[in-house]
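**Student:** Residues 9 to 329, numbered by this note's numbering, are exactly what the sequence shown covers, in order. Let me give you the structure first, and then I'll get to my questions.
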Amino acid sequence: MKIHKDGESIKKGISNVTTLVEFVLLGFSDIPNLHWTLFGIFLVIYLTILMCNSIIILVTRIDSALQTPMYFFLGNLSFLEICYVTVTIPRMLMDLLTQKGNISFFACAAQMCFVLMFGGSECLLLTVMAYDRYVAICNPLHYPLIMNHKVCVQLVTVSWISVFPFVIGQTCQIFSLPFCGSNTINHFFCDLPPVLQLACGDTFVNEIAVYVVAVIFVMAPFLLIVVSYGKIISSILKLSSAKGRAKAFSTCSSHLIVVVLFYGTATITYLQPKPNQSEGVGKLISLFYTVLIPTLNPVIYTLRNKDITVALRKLLTKILI
């Protein structure tokens, strides 16, 4: 085995076939003078995400006024956000701290697998939350019967489990490709597009598989959300009371903002043709949906939701008194 000092590749040669042992994540190496600043910013962001989402999980569990399907799903979304950022940000912090981006072949595959898994689960969970709002607004008399606790648990379970076989198959397919060129990934984590760009030979079948999975877990759920909100808006506009319309819109607005932000960036990343997206743009978009959106989600749900605000005040009162 020959190890190159420049970190470009670490390979084991057998005739003309090479086996990649590790990748090198470039991360933010193009701005080395700011690595300590970036480390501090991302550390604060990560701790903020953990704290805010943990608080939402806590208040939705202990406050009796929040024992409804909507807040049950919100608590699960907050837990999912914690898992999602934990896959990428700690690794990014370590690379900024050590100024080394070496990541083993299997660690890279595991990171990609978890990113895709949690991202796909979030797409499905946001769809479930849209369905919950649809039933609550369009069929309020049967809402307690339709969205009972058993159904809610089943919907969340499906959101988590149904992604597994697709993601594992996708990851195995990508990492079974030969990587015979550079092992340098111009990204801060092992995302699918930049890793696929390093593969040798014809990757057409793999790219088609990426589009198929993206359509199943991004476009199809998004279309269901659009249909749900089309019916929700139609029902709200039929309400005679302006106060009733305002209240109905307020229960949906936070979720709608999160959907637009998350699906917008996910669509650009996984459904845009590879040649049309530069590495810098791809890195920026990934930074948006892996760091910024999880940071904004608790703020959006907290500031725009009176029930959560009241529950937080009650919790703070109990702690301080």
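Where a beta carbon is used, it is the ideal one built from N, C-alpha and C, also for glycine. Values in this document were obtained by computation on a predicted structure and should not be read as measured data.
Less than 7 Å separating the beta-carbons of S86 and I70?
**Tutor:** No, the Cβ-Cβ distance between S86 and I70 is not below 7 Å.
**Student:** Entirely within the stretch 101–126 and at least 3 residues each: give me those beta strand (DSSP E) ranges in chain order.
**Tutor:** As far as the stretch 101–126 is concerned, its whole beta strand (DSSP E) runs of at least 3 residues are 110–112.
**Student:** How do the stretch 98–109 and the stretch 31–50 stand: do at least 3 beta-carbon pairs fall below 8 Å, yes or no?
**Tutor:** At 8 Å Cβ cutoff, the stretches touch.
**Student:** Restricting to runs no shorter than 4 residues, where is the alpha helix (DSSP H) found entirely within the stretch 131–175?
**Tutor:** Whole alpha helix (DSSP H) segments, 4+ residues: 151–154, 157–169.
**Student:** Let me make sure I understand the geometry here. Which of N147, I97, N191 has the alpha-carbon closest to that of L51?
**Tutor:** Of the listed residues, the one whose Cα sits closest to L51 is I97.
**Student:** Is F225 near Q119, with beta carbons less than 7 Å apart?
**Tutor:** In this structure, Q119 does not lie closer than 7 Å to F225 by Cβ.
**Student:** Between V123, C131, N156, V171, which lies nearest to L231 when the distance is taken from Cα to Cα?
**Tutor:** Nearest C-alpha to L231: C131.
**Student:** Compare the C-alpha of Q178 against each of F257, V220, S167 and name the closest.
**Tutor:** The residue with the shortest Cα to Cα distance from Q178 is V220.
**Student:** For T325, is the classification buried or exposed, using 16 other Cβ atoms within 10 angstroms of its Cβ as the cut-off for buried?
**Tutor:** Exposed.
**Student:** Is the beta carbon of P77 less than 7 Å from the beta carbon of C146?
**Tutor:** Contact flag unset, no.
**Student:** Let me know if R141 comes out buried or exposed under the rule of 16 or more other beta-carbons within 10 Å of its beta-carbon.
**Tutor:** It counts as buried.
**Student:** Per DSSP, what kind of secondary structure is E34 in: helix, strand or coil?
**Tutor:** It is Leu, not Glu, that sits at residue 34 in the sequence shown. In the structure shown, L34 sits in coil (DSSP, three-state: anything other than H, G, I, E or B).
**Student:** Nearest by alpha-carbon distance to L163: which of P152, Y139, Y237, D315 is it?
**Tutor:** Comparing Cα positions, the closest option is Y139.
**Student:** Helix, strand or coil for T179? Go by DSSP, reduced to three states.
**Tutor:** Residue state, collapsed to three classes: helix.
**Student:** Going by CA-CA distance only, name the one from T68, F31, T45 that's closest to L320.
**Tutor:** Checked all of T68, F31, T45; the closest Cα to L320 is T68.
**Student:** So P306 packs on C60, CB below 8 Å; how close in whole Å?
**Tutor:** Right, the Cβ-Cβ distance comes to about 4 Å (below 8 Å), so this counts as a contact.
**Student:** Whole angstroms is fine: what's the gap from Y79's alpha carbon to Y309's?
**Tutor:** Using only the alpha carbons, I get a separation of about 10 Å.
**Student:** Please say whether L269 and I301 have beta carbons closer to each other than 7 Å?
**Tutor:** Against a cut-off of 7 Å, the Cβ pair of L269 and I301 comes out as a contact.
**Student:** Buried or exposed: F212, going by 16 or more other Cβ atoms within 10 Å of its Cβ?
**Tutor:** Looking at its Cβ environment, which holds fewer than 16 other Cβ atoms inside 10 Å, F212 is exposed.
**Student:** Under 8 Å Cβ to Cβ from L101, same chain only, skipping five residues before and after it: list those, please.
**Tutor:** Counting only Cβ-Cβ distances below 8 Å, and skipping sequence neighbours, we find F47, F50, L51, Y54.
**Student:** Output the distance between the C-alpha atoms of L58 and V266, rounded to the nearest integer angstrom.
**Tutor:** Approximately 18 Å between the Cα atoms of the pair.
**Student:** From what residue to what residue does the alpha helix (DSSP H) around Q75 run?
**Tutor:** That residue, Q75, is in no alpha helix (DSSP H); it is neither H nor E in DSSP.
**Student:** Please report how far the alpha carbon of I293 lies from the alpha carbon of L74, in whole angstroms.
**Tutor:** Each residue's Cα considered, the two are about 34 Å apart.
**Student:** Since M125 and F172 should fall inside the 8 Å C-beta cutoff, what is the C-beta to C-beta distance between them, to a whole number of angstroms?
**Tutor:** Right, the Cβ-Cβ distance comes to about 7 Å (below 8 Å), so this counts as a contact.
**Student:** Could you spell out the range, first to last residue, of the alpha helix (DSSP H) harbouring V218?
**Tutor:** Note, V218: alpha helix (DSSP H), 212–222.
**Student:** At the level of alpha carbons, what is the spacing between D103 and N194?
**Tutor:** Looking at the two C-alpha atoms, the distance is approximately 13 Å.
**Student:** Compute the distance between the beta-carbons of V32 and T192, then report whether it is under 7 Å.
**Tutor:** Yes, they are a contact pair.
**Student:** Between which two residues does the alpha helix (DSSP H) holding Y237 run?
**Tutor:** Counting along the chain, the alpha helix (DSSP H) containing Y237 begins and ends at 228–245.
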